[in-house]
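J.: Chains as they are written, first to last, in our numbering: chain A, 2 to 608; chain B, 378 to 678; chain C, 55 to 376; chain D, 789 to 1127; chain E, 53 to 364.
Positions of the beta carbon are idealized from the N, C-alpha and C atoms, including for glycine.
Pasting a structure here, questions to come.
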Amino acid sequence: MKKRSLMLLASLMLVLSVFLAACSGDDSADGGKDKDKGKDKGKDNEKTEEGSGDNAAELDFPLAVSNDAEAMEDGEMTVAMVAGEPFEGTLNRNFYSGTYDAEILSYFDEGLLDTDGDYLITNEGAATYELSEDNKTLTLKIKDGVKWHDGEPVKTSDLLYSYQLLGHPDYAGNRYDFIIENVVGMPEYHEGKTKEISGIEIINDQEMKFTYTEASPSILSGFWSYATPRHYVGDVMTGETTIKDLESSDKIRVNPIGFGPYKIDKIVPGESVLYSRNDDYWRGKPALKSIVQKVVSPATIVESVKKGDIDLATIPADQYLTVKDVDNIELLAQVDYAYTYIGFKQGKWDAKKKENVTDPDAKMASKELRQAMWYAMDNATIGEKLYHGLRFPGTSLIIPVFKSFHDESVEGRMFDPEKAKQLLDDAGFEDKDGDGFREDQNGEKLVINFASMSGGETAEPIAKAYMQNWADIGLKVELVDGRLHDFNAFYDMVENDDPKIDIYQGAWGTGSDPDPSGLYGRTASFNYTRYTSEKNDELLKAGTSEKAFDLEYRKDIYNQWQELMYEDVPVAPTVYRYALEAANKRVVNYSIEPGKESDRYKWGVAE
Amino acid sequence: MVTVNQKELIAKEKANNPSLLKTIWREIRHDKLALVSLVLLLGIIITAYSSPLFIDQEQLQRVNFLETWEKPSETHLLGTDDGGRDVFGQLLLGTRNSFTIGLSVTLIAGLFGLTIGLIAGYFGGFVDNIIMRIIDFLMVLPSLMFIIVFIVIVPDYSVFTFVLMMSAFAWFGKARLIRSKGLAERELDYINASKTLGTPSWKIMVFEMFPNLSSLVIVNMTLTLAVNIGLETSLTFLGFGLPASTPSLGTLIAFATNPDIVQNKWWVWLPASLLILVMMLCINYIGQAVKRASDARQRLA
Amino acid sequence: MVKFIFRRLLVMIPQLFLLSLIIFVLAKQMPGDAVTGAFMGNPNVTPEQVEKIREQYGLNDPWYVQYGAWVGKAVKGDLGQSYTHKQPVTSLLAGRVANTITLSLFVLIVSYAVAIPLGILAGRWSDTWVDKLIVTYNYFSFATPLFVFALLMLFVFGFILGWFPTGGSVDIRIESGTFAQFMSKLHHLVLPGLSGALLATFGTIQYLRNDIIDTKLKDFVKTARSKGVPEGKVYTRHILRNSLLPIAAFLGYEITGLIGGSIFLEVIFSYPGLGQLFIQSITGRDFTVVTAIVMISGAAVIVGTMLSDVILSAIDPRIRIE
Amino acid sequence: MAETVLEIENLRTSFNIKGNYYAAVDGVSLTVHKNEVVAIVGESGCGKSALALSIIGLHNAKTTKLEGQVNLKGQNLLSLPVEKLNKIRGKDLGMIFQDPMTALNPLATVGRQIEEPMDYHMKLSKSAKKKRVLELLEQVGIKNGPRVYKQYPHELSGGMRQRIVIAISLACNPVMLIADEPTTALDVTIQAQIMDLMKELQRITDSGIILITHDLGVVAEMADRVAVMYAGEFVEIADVNTLFANPLHPYTRSLLSSIPSNMTDKEELHVIEGIVPSIQKLDRGGCRFAPRIPWISEDAHEDNPMLHEVEPGHFVRCTCYKDFHFPEERVEDENYVTT
Amino acid sequence: MSLLNVKDLQVHFPIRGGFFRRVVDQVRAVDGVNFELEPGETYGLVGESGCGKTTTGRAIIGLNKATGGEVLFNGENLATMNGHDRKKHIRDIQMIFQDPYSSLNGRKNVLNIIAEPLRNFERLSPKEELTRVQNMIERVGLSPESIYKYPHQFSGGQRQRIGIARALMLNPKLIIADEPVSALDVSVQAQVLNFMREIQKDFGLTYLFISHDLGVIKHICDRIGIMYKGRFVEEGTAEDVYTNPQHLYTKRLIAAIPEMDPVKRFEKMELREQINVAYRTEYDSYFDKDGRMFDLKPLTPTHSVAVHQGGM
């Protein structure tokens, strides 16, 4: 739904939560909008091809449970939120930030527009849409019988309300982005100049029209269709309440409502949620009578699953071997919408010009050096040995799950230390003083400072392994401050271009849209390496132009871009990953396939 | 004049000098448990501290993903960890680091607490009042939380800074203890005697009062030594442990965070847990003997 | 008594004030802030929007301005807004505090319930095998890291035997306010509570044992014996009351340990309380929450020591609070 | 002679020190009659307190060995199990301790502590008990009884507390009282008051009293009979007047002449050479006082010194008393360093 | 000129209380005490516990701060001197303490204990020091090898002599002996008292002898001051005070001494009863309306009593 959601993957809690809300494309779409500080990495996997890309290890996981028995009448299910900490409980699409909140939301609330396996909006949901000739106007119609849990019908003004909240000057969340701003009149409203959003027109309670400033294919994947029950939570526009009060109101935290298949009965803050069936669900009667969703520590999740306490749970990758042979469950997995990478700092963010400025004299300015470092990393071993095949070497910056855009001809740089050495030799990085480490082209000592994030047992050996790999080709790489940094300290340095850092290990979760300009564009503040080039600018622009509504055109552009990235190596992708989920064998009609979110109401348990 | 016979007597008396250390040793010798503990502890410590002689630290720290989670075998006496590193070697280095940390914290905090406590106890009155108000305040601080905040703040997180931080929160309890005993000691006439003999205050504190508190200090230190070794472990578990370049017992024990490792990879965490338990028990049993040595009523020897 | 409590509370104000200042300054020293990385989920957000939000939360002001604003609100009972949780810190903490207090009280009560009888046994029958057994248990409890013990308890009783729930504070299916819910809460408390309590007994057993051994030799105990008081009554009527004094005196400082221990217990048993929230807020740089939790902990210790004094004055006639 | 209340026969109290038993009270026999104060006097370490605690059974049973007999009302207290002994302690046998500051439970009210022995030995109603306490308080010279009844020990002065301790010991009308240094911890004027009080009380109660003290002045004021104790043995027993008028044993005589008093005035006081031997190093064969009077010929001592009845009721141990004289000059005490 | 002249000495201890721990009252431990010591004499301060006699002694040597009055030692006022100046005089005043167990540091051997004052005031080579200490230890009747022993290896009397040896090391002029024998058994007490008299002659010492034991005081002192509640009630020669006590309190104190002649015990009891009666009838002549003693009035040149102006 959102044009593109890229999400930072912090390795911080990799172990805690390589945890995917894998269950749903829908879910993942907004997951993309999570800020969630990386806790939830990978939480949004979206569309997926069966299994994996070509490089995936020979693991073969199903996407849906095999039990095809009839769901029992009035079944009860227990679902885990695998987390080392309590969920936050901001249960509103506009305001929430944590992944776990997103998981809860997906049970009782949904978008008006459904999405398909390609994350594009469809007419299968609670509303239908129509795009105008010039792709600038979207007309939305809510179907009959879509009702909030309190029985009120869902109205167009409820969707308008979401836009009014997101664009409100007091709004302090992270969902006011350029797709929202693209609505005609939104910038003026956002600055407080007007009270109306001129680009949104309410035709009647079930029909409304959105007008956009620019036509962009992003609308098809990024359209915000989450309505807010204005009558229930109170109206900010009339002064009935304020944004701040709304955020902390009981209507959002204690007994929120939506129009999803289940209603929230009770919340034990930070700990568990009890849902009951929404008999009036517009798609039909949900299969389960009730659902308990509770926080389970990653340390104990496998035991809980084994014991049968939990019907559905994500499984941290490092516990794969333990869970593999548990016989009361079935493992589902898909390749996650994420990749880990090594970033090479090459410049600075210019806050005045609001753009990245590449420094040609930066320590990491040598393309050969960057390429060599990529060759030096033995990612295949890490994936196989450390993650038992649940991770595998990355090749390009558009991950293989975007089947249409991932360029398979780009093969990445597989472990090849000899080639790396050759590259360095040729580029003039030679060990001139005989200390075992190469000096730079000018014969100066070369010490590369490497920042990596702490968290989980694997973070440290991986960082260590890379440093060994680089040492093996004669590069002296040292950890910044001699230790791993926690999430905030790490990103504080990376964001602010701390000169202490030359390279860093980061991770991005990608959303439903392959467009990488938010991460690699000249004006993207998230382009932490500060890499820029004219060619890059050109390609990224073309990828989101109106022409790009043509799939073939867009594909070609992105193939070129992937080639460019392979050649220039602003970042070196290290691994792609599987997201693993365990389902008890009694679970039926459950699938993690993208686009199957709409079937949530059919999930059930058999005898 | 001094006769030959008396000279012998003098020599005998000199030899008979029952210093605190001697008394402690005598007490330990008479307590089998303490003796065994001492031998065991010394064995552990000597092995750990001499480990750099036969272990190449660089090599030990080297990650090798081809050998992760190996079971104990001849090449790896205690198997390997998630980075394929030899657990036995890490156990030795870890013991050394953990013990160094525990000991340094105990000594630094002990010294600081002792100084402050002696000053408050010796002078009493106004000085004591001021110091105690400060200590009262410090006692209110939730120290674990503060240590965590400090760990997040310090840019250069190493054994050294870690020791400093822990010491910063470990001294006031000691100061309190020393001070209260010091206040009692202060009322005793040998202190008054020294005052009337014109002995300067600092000398009275160091040479008169301190020796009389030394047994208390030693007893307290043995106990806190055990605590301080444990605290590092706990912080590691919470994710605020030492950098991985400094293996410690805590690093190894903190592997025990999920059932798989607890059940199936016991060789990583169990030896370290047992070692810490054994060390703490040893220290405690020795401490018990030291305590008896300091209290003539309870002596076995 | 009332005057005493009032005075102690009054003394608490500057202490808390100082505490808040220290923790506030320290919290600000932590690298990054609550907004760092918060917008990475959505690269379409412009840097201006990020700055605007920093501005809204006052994160760009110098610390003293922020502190001043915070204190201004704090005296009115408003401890600020949690960024991560998007709600006032006070309402955020309300539920967590209750959980932590419940857990801590449970740990405290169970640890006393275990430690006092053991301490008495060890003291009364000192140097017998009973004593040796108890002392050995005590060393083990002292030497075992809490988290290792808690994990083992969890695996053994939670998973292998399945006697107790393995996480959370209550079974959500049970209707609120009923007796069954109370029992469920209790059921959830048992494992974390026992894990904490069994390792928290060290100090109490140690002090009680030593004190009883000392008190046994006191003159007034001889007086009691010379009155013909039976041995059991000598303990219950004379020795215990005197020996329990130091236990009461340590109550306040016991609380420091409980707070530290609750961090581990809450993390291991997924028990939503202050400790867990603290770790979460540290990693999330949620300064207001960190500050508030530290202050609550500090206040708990202060109140605890005050309680110690009140209890002491109740059982020790020599201490009379004017 | 009045009726015998307490009869100690050949009592031997030994303490376990590193596996061996050493007798601190070494074969002591003594009879106390009704309405009689028998003082046991000696320096610290002579075994007098050990004797007192042996009679009432307050030694640690694990480290102490008791032999001989202590007969009270026809029962040998040493052979009684604790439960039976408890029926006697506090009832027939009362005890007054030395230090009133520590002898009272700091956490219980005065009334409670005086009532306590009644709980175990008398069947009295609550009000009757209180009445009896107030009576006792009046007896021991405390004027505002009802107020003191509710007070705690720390609120009272030392003299008052010693009165309370006495009241406790008297609570069940014991036939026998043991007072272990009852005035030592008190100021001289208070001491005088307590002495007068005890004399007064004794007249009323008729009980026998064993008074343990090191103060010959107290003995002279209070005792009817005196037993002088040295190194675990009685060295001289006599009627009080006899003892002061005609002390015989060298130890008794040395003690008396070392007290500064009108008799000695500004002259040099007599110094007893050496120190009281510890029970471990004690030579139990011959006269135990012999090493401290080295100028007396060894022949003067008996081999196994016995108590000789030199006149009716006047016993002296060892024959050395016959040859005893004070030395002419003070002997340089070079040998003090022997411990 | 007298060696020591104490004029209107006051030692008040504050009682703190209330909200800000302000001084709410004073304990008047010593409340206007006057006396003089001539060189070579032994002056006894007697009284019951809490009467202020020990505090007086401690105030003279500086262990308690005098809150008022003067302590003239050789004509110089010690009470107002600062620490530095006082140090010059302090070697001439030494103290002997009551408890021979706590007054010696158990962790130091005798050599270090006795040499302590030497090390503070004189720079001696270890050899000289050893010689001086050994001479002194022999002087107090202990064998030379004992300097390497520790206090717990000695008996009470021997310890007290070690304490005395320490006080004598600097050849002081005045010794304040605070209950030096009250912790000792009678036979040992005799030993120490004899010894103190002996060294008084040899070293030309002046004693301020503080004790609650009237027998001991009478035995050793030339003049006696009787203290009660921080003030003097009577002062005179031993003869004056014992044979002719004037103040009611003095009488009571003397009557309280146990009678060493058993025959006279009931006379003594009666005497005490009479004094008790006198307390009820004649109280006003001895105490003012606040229960405080009057100032001393000379009765004879050597004998003064605290009675009301019109007196007796």
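1. What residues are listed by DSSP as bridge partners for A/P394?
2. Please look up how many angstroms separate the CB atoms of D/G929 and D/L985, rounded, as I've assumed it's under 8 Å.
3. Counting along the chain, where does the alpha helix (DSSP H) carrying A/P188 start and finish?
4. Based on DSSP bridge pairs, tell me the residues matched to B/D463.
5. For B/L417 versus B/P648, is the C-beta distance shorter than 9 Å?
6. Give the straight-line distance between the Cα atoms of A/N380 and A/D482, rounded to the nearest whole angstrom.
7. Distance check for A/I400 and A/L13, CA to CA, integer angstroms please.
8. For the alpha helix (DSSP H) that contains E/S198, what are its first and last residues?
9. Keeping to the same chain, check which residues put their C-beta closer than 7 Å to that of C/F160; ignore five residues upstream and five downstream.
10. With distances taken from CA atoms, which of B/L410, B/L619, B/A425 is nearest B/F537?
11. Go ahead and pull the three-state DSSP assignment for A/P224.
12. Would you kindly work out how many angstroms separate the C-alpha atoms of C/L70 and C/G352, rounded to a whole number?
13. By alpha-carbon positions, which one of D/A1011, D/K853, D/I1047, D/E1021 ends up nearest to D/L1031?
14. What's the gap between the Cα of E/G92 and the Cα of B/K572?
15. On a Cα-Cα basis, can you pick out the residue from A/G200, A/D281, A/F109 that is closest to A/T229?
16. At a CB-CB cut-off below 8 Å, which residues of chain A make contact with C/G380?
17. For a cutoff of 9 Å on Cβ pairs, would you count D/V1125 as touching chain E?
18. Using a C-beta to C-beta distance shorter than 8 Å, which residues of chain E count as neighbours of B/G501?
19. Kindly indicate if chain E contains any beta-carbon less than 9 Å away from that of D/A1011.
20. By a C-beta neighbour count over all protein chains shown, 10 Å radius and 16 as the cutoff for buried, is D/P962 buried or exposed?
21. Are any of the Cβ atoms in chain D nearer than 9 Å to that of E/Q146?
22. What residues from the region 503-537 of chain B come within 8 Å of chain A, judged by C-beta to C-beta, listed N to C?
23. Kindly indicate which three-state DSSP category D/I805 falls into: helix, strand or coil?
24. According to DSSP, is D/V1064 part of a helix, a strand, or is it coil?
25. Look at the Cβ atom of A/E431, then the Cβ atom of A/L425, and state whether they are nearer than 9 Å.
26. Using the three-state DSSP reduction, which class does E/D60 fall into: helix, strand or coil?
27. Output yes or no for whether 9 Å exceeds the beta carbon distance between A/I343 and A/G519.
28. Looking at chain D, is there any beta carbon in it that lies within less than 9 Å of the beta carbon of C/E320?
29. Leaving out five residues before and five after A/D280 in sequence, what residues of the same chain have Cβ atoms less than 7 Å from its Cβ?
30. Buried or exposed: where does D/E1097 fall if 16 or more other Cβ atoms within 10 Å of its Cβ makes it buried?
31. Please look up how many angstroms separate the CB atoms of E/G104 and E/P152, rounded, as I've assumed it's under 8 Å.
32. Nearest to B/V482 by alpha carbon, out of B/W579, B/T599, B/K642?
T.: Walking through what the data contain:
1. Numbered from 1 along the first sequence, position 393 holds the residue referred to as residue 394 of chain A. The partner list for A/P394 (beta bridge, DSSP) reads A/V576.
2. Translated into the one-based positions of the fourth sequence, residue 929 of chain D becomes position 141. Translated into the one-based positions of the fourth sequence, residue 985 of chain D becomes position 197. 6 Å between Cβ atoms; contact.
3. Here residue 188 of chain A is taken as the residue at index 187 of the first sequence, counted from 1. Per DSSP, A/P188 belongs to the alpha helix (DSSP H) from 187-191.
4. The sequence position of residue 463 of chain B within the second sequence is 86, counting from 1. Its beta-bridge partners are B/T457.
5. Taking the first residue of the second sequence as 1, we reach residue 417 of chain B at position 40. Taking the first residue of the second sequence as 1, we reach residue 648 of chain B at position 271. Cβ atoms of B/L417 and B/P648: not closer than 9 Å.
6. Translated into the one-based positions of the first sequence, residue 380 of chain A becomes position 379. Translated into the one-based positions of the first sequence, residue 482 of chain A becomes position 481. Approximately 25 Å between the Cα atoms of the pair.
7. Residue mapping note: residue 13 of chain A aligns to position 12 of the first sequence, counting from 1. Residue mapping note: residue 400 of chain A aligns to position 399 of the first sequence, counting from 1. Unreliable positioning characterises A/L13 in this predicted model, as indicated by a pLDDT of 28, which lies under 50. The coordinate reading is nonetheless provided below. Approximately 21 Å, taken between the alpha carbons.
8. One-based indexing of the fifth sequence puts residue 198 of chain E at position 146. Counting along the chain, E/S198 falls outside any alpha helix (DSSP H), and DSSP gives it neither H nor E.
9. Taking the first residue of the third sequence as position 1, residue 160 of chain C is located at position 106. So the qualifying residues of the chain are L243, G247.
10. Residue numbering aside, residue 537 of chain B sits at position 160 when the second sequence is read from its first letter. Here the closest residue by C-alpha is B/L619.
11. In the first sequence, counting from the first residue as 1, residue 224 of chain A sits at position 223. Pro is not the amino acid found at residue 224 of chain A; the sequence shown has Phe there. Of the three classes helix, strand and coil, the one that applies to A/F224 here is coil, per DSSP.
12. Position 16 of the third sequence holds residue 70 of chain C. Position 298 of the third sequence holds residue 352 of chain C. Each residue's alpha carbon lies about 7 Å from the other.
13. Taking the fourth sequence and counting its residues from 1, the one referred to as residue 1031 of chain D is at position 243. It is D/A1011 whose Cα lies nearest to the Cα of D/L1031.
14. Against the fifth sequence, residue 92 of chain E aligns to sequence position 40. Against the second sequence, residue 572 of chain B aligns to sequence position 195. In a straight line, the C-alpha of E/G92 is about 25 Å away from that of B/K572.
15. Taking the first sequence and counting its residues from 1, one reaches residue 229 of chain A at position 228. The shortest C-alpha separation from A/T229 is found at A/F109.
16. Outside the modelled stretch of chain C, which goes from 55 to 376, sits residue 380 of chain C, for which no answer is possible.
17. One-based indexing of the fourth sequence puts residue 1125 of chain D at position 337. Per-residue confidence for D/V1125 stands at a pLDDT of 37, beneath the threshold of 50, marking its modelled position as unreliable; the derived number appears in the next sentence. Cβ-Cβ to chain E under 9 Å: yes for D/V1125.
18. Numbered from 1 along the second sequence, position 124 holds the residue referred to as residue 501 of chain B. Near B/G501 there are no residues of chain E at all, since even the closest Cβ is about 13 Å away, more than 8 Å.
19. The count along the fourth sequence starts at 1 and reaches residue 1011 of chain D at position 223. For D/A1011, the answer is yes, since a Cβ of chain E falls inside 9 Å of its Cβ.
20. The residue given as residue 962 of chain D occupies position 174 in the fourth sequence. So D/P962 counts as buried.
21. The sequence position of residue 146 of chain E within the fifth sequence is 94, counting from 1. Taking Cβ atoms only, chain D never reaches closer than 9 Å to E/Q146, which makes this a no.
22. V529, P532, D533, Y534, S535
23. One-based indexing of the fourth sequence puts residue 805 of chain D at position 17. The answer is strand: DSSP assigns D/I805 an E or B state.
24. Here residue 1064 of chain D refers to the residue found at position 276 of the fourth sequence. DSSP places D/V1064 in coil when its eight states are reduced to three.
25. In the first sequence, the residue the question calls residue 431 of chain A occupies position 430. In the first sequence, the residue the question calls residue 425 of chain A occupies position 424. In contact: A/E431 and A/L425 (Cβ atoms closer than 9 Å).
26. Within the fifth sequence, residue 60 of chain E is the residue found at index 8, counting from 1. The answer is strand: DSSP assigns E/D60 an E or B state.
27. Counting from 1 along the first sequence, the entry for residue 343 of chain A is found at position 342. Counting from 1 along the first sequence, the entry for residue 519 of chain A is found at position 518. Not a contact, by the Cβ cut-off of 9 Å.
28. For the purposes of this step, residue 320 of chain C is taken as the residue at position 266 of the third sequence. Closer than 9 Å: no.
29. The sequence position of residue 280 of chain A within the first sequence is 279, counting from 1. Excluding residues within five positions, the ones whose Cβ falls inside 7 Å are K286.
30. One-based indexing of the fourth sequence puts residue 1097 of chain D at position 309. D/E1097 is exposed by the Cβ-count criterion.
31. Locating residue 104 of chain E in the fifth sequence gives position 52, where the first residue counts as 1. Locating residue 152 of chain E in the fifth sequence gives position 100, where the first residue counts as 1. E/G104 to E/P152, Cβ: 24 Å. No contact.
32. Translated into positions along the second sequence, residue 482 of chain B becomes position 105. Residue B/T599 is the option with its Cα nearest to B/V482.
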